[in-house]
Every structure is written in C-alpha cells, then in structure tokens.
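Position in the sequence shown (first residue = 1) + 128 = the numbering used here. Just so you know, even glycine gets a beta-carbon here, dropped at the ideal spot from N, CA and C. Here is the structure we will look at, set down as structure tokens.
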Amino acid sequence: MTSEQHLAPFRMPDRLFAELAAGGGSAAAVAFLERAERARRLLLLRTLLGHLDALPTPLTPVAEAWRVLKEAAEKSPEPVERLLLAPPTGGWISHMLRRVHGTAVGPPLWAEAGHLSALALSASLHAGTETAFDVPLTDGRLPLPGLGMVRLPGAQEGLTVGRATTAGGELTVTGPGRTSGSVRVTCRPLGRPGDTDRSTWLALRTLTHDGPDGTAPVAVVLEDLDPYRDLDDHLPPARLDEDEAREWQRLFGEAARILTRPATPGPGRVHPAMIRAIVPFGRTGVSPPPLPFVQVSASSGDSFGGMLIVRPASALALAETLVHELQHSKLAALLHLFPLLDDDRAERYYAPWRTDPRHLTGLLHGAYAFTGVAGFWRDRLADAQIADAQIADAQSADAQYADAQYADAQSVHPQGADAVERAGYFFALRRLQSRLAVRTLLTSGRLTVEGRALVSGLARTLDGWLREDVPPAPLARARTAAALHRTEWRLRNVVPAPAADPSDLRFRRDRTVWPDGRTHAFATRPAVPRTADEHLAAGDAAAALVRYADALADAPAEPHALAGWIVARTILEPGRAARRMLARPEELLEPSPRV
Numbered sequence: 129m130t131s132e133q134h135l136a137p138f139r140m141p142d143r144l145f146a147e148l149a150a151g152g153g154s155a156a157a158v159a160f161l162e163r164a165e166r167a168r169r170l171l172l173l174r175t176l177l178g179h180l181d182a183l184p185t186p187l188t189p190v191a192e193a194w195r196v197l198k199e200a201a202e203k204s205p206e207p208v209e210r211l212l213l214a215p216p217t218g219g220w221i222s223h224m225l226r227r228v229h230g231t232a233v234g235p236p237l238w239a240e241a242g243h244l245s246a247l248a249l250s251a252s253l254h255a256g257t258e259t260a261f262d263v264p265l266t267d268g269r270l271p272l273p274g275l276g277m278v279r280l281p282g283a284q285e286g287l288t289v290g291r292a293t294t295a296g297g298e299l300t301v302t303g304p305g306r307t308s309g310s311v312r313v314t315c316r317p318l319g320r321p322g323d324t325d326r327s328t329w330l331a332l333r334t335l336t337h338d339g340p341d342g343t344a345p346v347a348v349v350l351e352d353l354d355p356y357r358d359l360d361d362h363l364p365p366a367r368l369d370e371d372e373a374r375e376w377q378r379l380f381g382e383a384a385r386i387l388t389r390p391a392t393p394g395p396g397r398v399h400p401a402m403i404r405a406i407v408p409f410g411r412t413g414v415s416p417p418p419l420p421f422v423q424v425s426a427s428s429g430d431s432f433g434g435m436l437i438v439r440p441a442s443a444l445a446l447a448e449t450l451v452h453e454l455q456h457s458k459l460a461a462l463l464h465l466f467p468l469l470d471d472d473r474a475e476r477y478y479a480p481w482r483t484d485p486r487h488l489t490g491l492l493h494g495a496y497a498f499t500g501v502a503g504f505w506r507d508r509l510a511d512a513q514i515a516d517a518q519i520a521d522a523q524s525a526d527a528q529y530a531d532a533q534y535a536d537a538q539s540v541h542p543q544g545a546d547a548v549e550r551a552g553y554f555f556a557l558r559r560l561q562s563r564l565a566v567r568t569l570l571t572s573g574r575l576t577v578e579g580r581a582l583v584s585g586l587a588r589t590l591d592g593w594l595r596e597d598v599p600p601a602p603l604a605r606a607r608t609a610a611a612l613h614r615t616e617w618r619l620r621n622v623v624p625a626p627a628a629d630p631s632d633l634r635f636r637r638d639r640t641v642w643p644d645g646r647t648h649a650f651a652t653r654p655a656v657p658r659t660a661d662e663h664l665a666a667g668d669a670a671a672a673l674v675r676y677a678d679a680l681a682d683a684p685a686e687p688h689a690l691a692g693w694i695v696a697r698t699i700l701e702p703g704r705a706a707r708r709m710l711a712r713p714e715e716l717l718e719p720s721p722r723v
C-alpha cells in the first residue's frame, strides 16, 4: 500500500454492470465496487497528505504516521487493508479534504490530522511493530480505529497532546493529568476481552451471525466510538450500554437470518457480510422503547458499506434498512466510476418517499434504493405465502401432525396471513413508487449513456415485477397510499399554475416538512375503522369521503384532508375528470400569492 503507486484504469465487466443495473449485485459485483473504492481512497489520501505536509502541528508529522502505516501494511496486509477500507476511514479522509478547502468545520485542523497517527497505531499493533507518536487526546480519550478507545483516568479535560507507544502488541498512552503531572495507561488491545481493565479500554463491538450450513460466520462492526463514524461531523463517542448492545445483537442476528435465506442474487438480496459497519444513532440505552420501524437511517458515498441507523424494535425493519442503505453505497460507488447524469442540482422533482422536492441525483439514489427494498418485500411475500399455505395445511391435517406442521410453518414466517398482507402491500407500494421515479429519470433528458443503461435496467426489473400478482386487498391499499402521497405532496409544495413538465413547476415558498403517516398506516387493513384514513384503508371510500368533507368544512384547504377527499372521490368516480384531478390536485386551491 503506497500513495505513489500507479493504479490501472478500472474496467467493470459487462456482466457485473448488468447485475448492478438490475438493482441487485452479487458478492463479486460488490467486491469490485469495494476495490474501486480502495483505489479512490488511496488517491484522495495522497491528495490529503499533500495538503497536510506543511501543516504546523504539536503532534508527530503526518509523513511519519504514513511511513509507519505502510510498514505495517507490508507485515500484516489484511488487517491494515481492513483499516483502510473501514467506513470511518473514508469519512475522515473526505472530511479532512473538506476542511482544507474550507467547506467543513471541526476541532483544530492539527488535531483532526492526528487521526492518521491513530490509524498508524492500530496498524502497528496488528503488525507487532514498535513506534511512538505524539497524539491528540480529547478529555483523556484516544480512539484507535478498528480496535476501540483508550481512556486515561484523571486526565486533563479538553484537547491536549499525549504520547502513545506500541511494542509487541502492547500500547502505552501518557497524557497530562487533571491537576498536575501526567497519567498513564498500558493495555493490550488485541488481547482477550478480560485482559484489559474496562475503565481504561473500551473494545470495539461487533455484531455476529453464524453463517447457515457451515458457511463462514459474519461479523459487522457496531461502531459507537470512532469520531468519524457520522456522515461528516466529528462526533464524540456514544458508548451503548450493555442492554442496548445486546438488543442490537439480537435484532441483527434475526435480521441476518432473514437476509441469508437461500436465494439467487438479485435486487433486495443482500448478504450481511457485504456490510462493513453499523453506526447506532440517537440512543445509547434500551429506554424508551423504539418504534417497530426505522425512523432514521443514512449512508454516505465516502463510507462504503457503512450505515447510520436508529435501532427499531423489529428485525424485519432492520433487515429492510440494511438492504436500503447498502443500495445507496453501491450507487455511490457507481457514481464514483461513471458519470451517470448531468444534474443541475435544482430541487424540483417528485420523489414518492419524500415530502420535499428533490434534485436528480437524490431521485436516482431513491429509485435505486427503493428498487432494492421492493425486491426485499417481494421475497418476504413469497416467504409469507409459503408459510400461510403450510399453516393452512397444518390446520387441515390429522390432529397428531397438526402441531408439528404449524410449528414448522411459524418458523418460516411467524405471522401467517398478516405477513402476506404486509409484505404484499410494501412490495406493491415500493415497485409502483420506484417505477414512477424511474420514468421521471428516463424522461429528464439528463442521463448519460451509462446512466440510461443503469436506469433502463431498473425499469426492466420493475416492469417485470409490476406484472406479478399481489393479493387484491394490499394491492388496493398500496395504490391508494401512493396516490395519497403524491396528491398531498403537490398540494403542499406546488403553486397552482399551468406546467408542461416538472422543470416548469413553481414551488411554494411557505412549504414545510410534513409528517407522512399514511405509508405505514396503510400497511394493514383496520379491523374497526374510525377515522377517514382508516375507512379509506379498509376500502370504504364512501365513508371516508364523508369524513374528509366534514374536516374540510372547517379548514377547506387543509392538505391532508383535501388529499384524502380527492383520492376517495376519484375511487368512487373514476374517469377523465378524476385523472386530471389526481394529476394536478393543486388546481383545486386558490393561487398562492407567495411564490
């Protein structure tokens, strides 16, 4: 590993591009993308080192840290490669390039540059080499990428300079004390968990899953310590308590079992081994109880294979999110290899999973991610239908076999008919929404040759799925939910005015983010509908229309109720007028003076 090596041009085999263009990607395709990201990361690192060589610093110069890192890579290439390819390392490199160009902020630049010394220390420990660095300490803490974090009890608070040495796998860190003198800690980060005092050493956690049928076990980093685990900002550690860490392990194990069910590689089929790191976000303890679905998740093109997730209560929701975020990583890597579109960054396009207008790159990311999500739910629908059939067989079998057959069916999918309804709904909804976004991309006139090939591949996948059967009830709810979202989006965002295409839309200046509660609410049929939305979800458009009209009597332009009224009416009175009302629902509003 050198910053001076000459890298041959990357040429992606056509078959791998075709796999990725369809929305999927085998292990070989993902590995190719990771190799490309490695090359990009080395080029960015070489650029960064050029900026940092002359940086005034009280720490060991970055050139010495780079020398130690290269020496360790020669002796222990595999662990050093893991350090280089770790998502936080990519986040640090890109953050630092933004810092030197003045487009990001953080601690003093010399302190952030010192993270390279921390990388070199980790590499030295893996290789068993000896080295010594002056390093930055924050409140007596020194994070070691890929290993964990050293804590110096009684250390001076704030940003200080310490001394770290390695020898024979042992690490010693010395720093200024809180009152006077210095404090010192010695530990063995690569030793057994019980070998080091937890008050001075926090080991990096991993989420594990034993591979099926004797395949290699999976280990994914649960990253709560590295200061560059976020999408950009430097973050202090947020150590999970033991109960929360156990919940993550439990959910990940169940999610991995869902994702590793035997299947041919395709959209929505992700092996957990493709994931490099999960960053738990927003909570460090088990209380309060989380929602069943994921509230927030994100990923960055700088951190391939990494994803930031607010822990849900459901393993199914976690599995869906792992698919979603890895799709973003794959597309980001493709965008680093190919110019896929000419984006003027104008936020004017409808994205069916967002409440705000999006630019074309964002729309492409959403289309790619939700094509994978649609494939995920397609597989869950197939699983649920098999389980439902097995349960039906068990119920009609002889009594002596019924319990055993029922238990077997429940082990495949524990929810029976309810699971068919939910999986059918989300498969139908996400394939419809993704195809709408793909159509917008194909008609935008801004795709490159490679971009059109990619988006056309998504279109072929989605067109095939749109011909597949989904049970009528969840299919109807999915179509209704999609119509409701688009209608409310236009009512809240678009100024009533003639428009030939999306580029002619004028947007309200007073638009705000609005809560989209219908996407999840329509996933199941209400047993006893009470509200207008519940009647519409239950398939009773007439009852829903009356209740929406009652709400509009008090607030005639309220977007949520008006969107429901429009959709309910078009269900009851289909035809040309209904299609026009759905196409431009904002025409029912008075023109806004604020444009």
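For this session: Check whether the Cβ atoms of Pro104 and Thr576 lie closer than 9 Å to each other.
Result: Any question about residue 104 goes unanswered here, given that the chain covers just 129 to 723.
Exercise. At what residue ranges does the segment 563-608 contain a whole run of the beta strand (DSSP E), taking only runs of 3 or more?
Worked result: If we require 3 residues or more, the segment 563-608 turns out to have no beta strand (DSSP E) run fully inside it.
Exercise. Taking 8 Å as the cut-off, does the CB of Arg563 come closer than this to any heavy atom belonging to the ligand ATP?
Worked result: Of ligands this structure carries none, so the ligand ATP is not represented either.
For this session: Determine the contact status of Gly303 and Gly286, defining contact as a CB-CB distance below 9 Å.
Result: Residue 303 sits at position 175 when you count from the first residue of the sequence shown. Residue 286 sits at position 158 when you count from the first residue of the sequence shown. Not in contact: Gly303 and Gly286 (Cβ atoms no closer than 9 Å).
For this session: Determine contact between the segment 567-586 and the segment 462-480, defined as no fewer than three beta-carbon pairs at a distance below 8 Å.
Result: These segments touch.
Problem set entry | Met435 in three-state terms, based on DSSP | Here residue 435 is taken as the residue at index 307 of the sequence shown, counted from 1. Here Met435 carries a strand assignment [DSSP, helix/strand/coil].
For this session: For the segment 216-289, list the beta strand (DSSP E) runs that are entirely contained and at least 3 residues long, ordered along the chain.
Result: The beta strand (DSSP E) runs lying completely inside the segment 216-289 and spanning 3 residues or more are 259-266, 269-272 and 276-279, given in chain order.
Problem set entry | Close-in-space but distant-in-sequence residues of the same chain around Glu165 (CB under 6 Å, 5 per side omitted) | In the sequence shown, residue 165 corresponds to position 37, counting from 1. Correct list, in chain order: Phe432 and Ala461.
For this session: Grab the span of the alpha helix (DSSP H) containing Val313 for me, first residue to last.
Result: In the sequence shown, the residue the question calls residue 313 occupies position 185. First-last for Val313: Ser310 to Cys315, but that is the beta strand (DSSP E), not the alpha helix (DSSP H).
Exercise. What's the C-alpha gap between Gly703 and Arg639?
Worked result: Residue mapping note: residue 703 aligns to position 575 of the sequence shown, counting from 1. Residue mapping note: residue 639 aligns to position 511 of the sequence shown, counting from 1. Straight-line spacing of the CA atoms in Gly703 and Arg639 works out to 31 Å.
Exercise. With a Cβ-Cβ cutoff of 9 Å, do Pro215 and Arg404 count as a contact?
Worked result: Translated into positions along the sequence shown, residue 215 becomes position 87. Translated into positions along the sequence shown, residue 404 becomes position 276. Against a cut-off of 9 Å, the Cβ pair of Arg404 and Pro215 comes out as a contact.
Exercise. Mapping DSSP to helix, strand and coil, what is Trp329?
Worked result: Along the sequence shown, one-based indexing puts residue 329 at 201. Of the three classes helix, strand and coil, the one that applies to Trp329 here is strand, per DSSP.
For this session: With DSSP as the reference, label Ser457 as helix, strand or coil.
Result: If you number the sequence shown from 1, residue 457 lands on position 329. In the structure shown, Ser457 sits in a helix (DSSP, three-state: H, G or I).
Exercise. Which term fits Gly552, buried or exposed, when burial requires 16 or more other beta carbons within 10 angstroms of its beta carbon?
Worked result: Position 424 of the sequence shown, counted from the first residue, corresponds to residue 552. With 16 or more Cβ atoms within 10 Å of its Cβ, Gly552 is classed as buried.
Problem set entry | DSSP-derived helix/strand/coil call for Ala681 | Working through the sequence shown from its first residue, we reach residue 681 at position 553. Per DSSP, reduced to three states, the secondary structure at Ala681 is helical.
Problem set entry | alpha helix (DSSP H) runs wholly inside the segment 658-710, at least 4 long, in chain order | Contiguous alpha helix (DSSP H) elements confined to the segment 658-710 occur at 660-665, 669-682 and 687-700, taking only those with 4 or more residues.
For this session: Verify whether the separation of the beta carbon atoms of His399 and Gly429 is less than 9 Å.
Result: Within the sequence shown, residue 399 is the residue found at index 271, counting from 1. Within the sequence shown, residue 429 is the residue found at index 301, counting from 1. Cβ atoms of His399 and Gly429: not closer than 9 Å.
Exercise. What whole-angstrom Cβ distance do Arg550 and Thr647 have, given they're in contact under 8 Å?
Worked result: Position 422 of the sequence shown, counted from the first residue, corresponds to residue 550. Position 519 of the sequence shown, counted from the first residue, corresponds to residue 647. Cβ-Cβ separation between Arg550 and Thr647: approximately 12 Å, too far for a contact (criterion under 8 Å).
Exercise. Near Val263, which residues of its chain fall below 8 Å by C-beta distance, leaving aside the five closest residues on each side in sequence?
Worked result: Translated into positions along the sequence shown, residue 263 becomes position 135. Correct list, in chain order: Leu187, Thr188, Gly242, Ser245, Ala246, Leu249, Leu270, Val289, Gly290, Arg291, Ala292 and Val301.
Exercise. Roughly how many angstroms lie between the CA atoms of Thr499 and Ala347, to the nearest whole one?
Worked result: If you number the sequence shown from 1, residue 499 lands on position 371. If you number the sequence shown from 1, residue 347 lands on position 219. Taking the Cα positions, Thr499 is about 26 Å away from Ala347.
For this session: Have a look at Asp521 and Tyr478 and give me their C-alpha separation to the nearest angstrom.
Result: For the purposes of this step, residue 521 is taken as the residue at position 393 of the sequence shown. For the purposes of this step, residue 478 is taken as the residue at position 350 of the sequence shown. Those two C-alpha atoms are separated by around 45 Å.
Problem set entry | Cβ neighbour criterion (16 or more within 10 Å) applied to Ser457 | By one-based count along the sequence shown, residue 457 stands at place 329. Ser457 is classed as buried because its beta carbon has at least 16 other beta carbons within 10 Å across all chains shown.
For this session: List the whole-angstrom C-beta distance separating Ala565 from Leu491, where the pair is believed to meet the contact cut-off of C-beta under 8 Å.
Result: In the sequence shown, the residue the question calls residue 565 occupies position 437. In the sequence shown, the residue the question calls residue 491 occupies position 363. Taking the Cβ atoms as the reference, Ala565 lies roughly 6 Å from Leu491, within the contact range of under 8 Å.
Problem set entry | In DSSP terms, what Arg486 is bridged to | Position 358 of the sequence shown, counting from 1, holds the residue named residue 486. When DSSP reads this structure, Arg486 sits in a beta bridge with Tyr477.
Problem set entry | Contact with chain B by Thr185, beta-carbon distance below 9 Å | Note that chain B does not occur in the displayed structure, where there is just one protein chain.
For this session: Could you work out which residue in Leu272, Ala587 and Pro416 is closest to Arg294 when comparing CA atoms only?
Result: Locating residue 294 in the sequence shown gives position 166, counting from the first residue. Here residue 294 is Thr; the residue named in the question, Arg, does not match the sequence. Answer by Cα proximity: Leu272.
Problem set entry | Same chain, Cβ closer than 6 Å to Gly413, neighbours up to 5 away in sequence not counted | Mapped onto the sequence shown, residue 413 falls at position 285. Non-local beta-carbon contacts of Gly413 in its own chain, meaning distances under 6 Å to residues more than five positions away in sequence, involve Asp369 and Glu372 in chain order.
Exercise. Tell me which same chain residues have a C-beta within less than 8 Å of the C-beta of Leu586, skipping the five on either side of it?
Worked result: Your numbering for residue 586 matches position 458 in the sequence shown. Ala149, Ala150, Gly151, Ala495, Tyr496, Thr499, Ser562 and Val566, listed in sequence order.
Problem set entry | Proximity winner among Thr266, Thr483 and Val548, relative to Gln513 (alpha-carbon distances) | On the sequence shown, residue 513 is found 385 positions in, with the first residue counted as 1. Residue nearest to Gln513 within the set Thr266, Thr483 and Val548 is Val548 (criterion: CA-CA distance).
For this session: Taking Leu557 and Ala609 to be in contact with their CB atoms under 8 Å, please state how far apart those CB atoms are, rounded to whole angstroms.
Result: Taking the first residue of the sequence shown as 1, we reach residue 557 at position 429. Taking the first residue of the sequence shown as 1, we reach residue 609 at position 481. The Cβ separation is near 6 Å, so the contact holds.
Problem set entry | Opening and closing residue of the beta strand (DSSP E) in which Gly303 lies | Against the sequence shown, residue 303 aligns to sequence position 175. Glu298 to Pro304 is the extent of the beta strand (DSSP E) around Gly303.
Problem set entry | Residue nearest to Phe635 in terms of C-alpha spacing, selected from Val622, Gly645, Trp642 and Ala401 | In the sequence shown, the residue the question calls residue 635 occupies position 507. Nearest of Val622, Gly645, Trp642 and Ala401 to Phe635, Cα basis: Val622.
Exercise. In whole angstroms, what is the alpha-carbon distance linking Trp481 and Trp194?
Worked result: Residue numbering aside, residue 481 sits at position 353 when the sequence shown is read from its first letter. Residue numbering aside, residue 194 sits at position 66 when the sequence shown is read from its first letter. Between the alpha carbons of Trp481 and Trp194 lies a gap of roughly 44 Å.
Exercise. Where does Ser539 sit, in a helix, a strand or coil, going by DSSP?
Worked result: On the sequence shown, position 411 is the one that residue 539 refers to. For Ser539, the pLDDT reaches just 43, beneath the cut-off of 50, and the residue's location in the model is therefore unreliable, leaving the point undetermined.
Exercise. Just curious, the alpha helix (DSSP H) that Ile406 is in, first and last residue?
Worked result: Within the sequence shown, the letter at position 278 stands for residue 406. Counting along the chain, Ile406 falls outside any alpha helix (DSSP H), though it belongs to the beta strand (DSSP E) covering Ala405 to Pro408.
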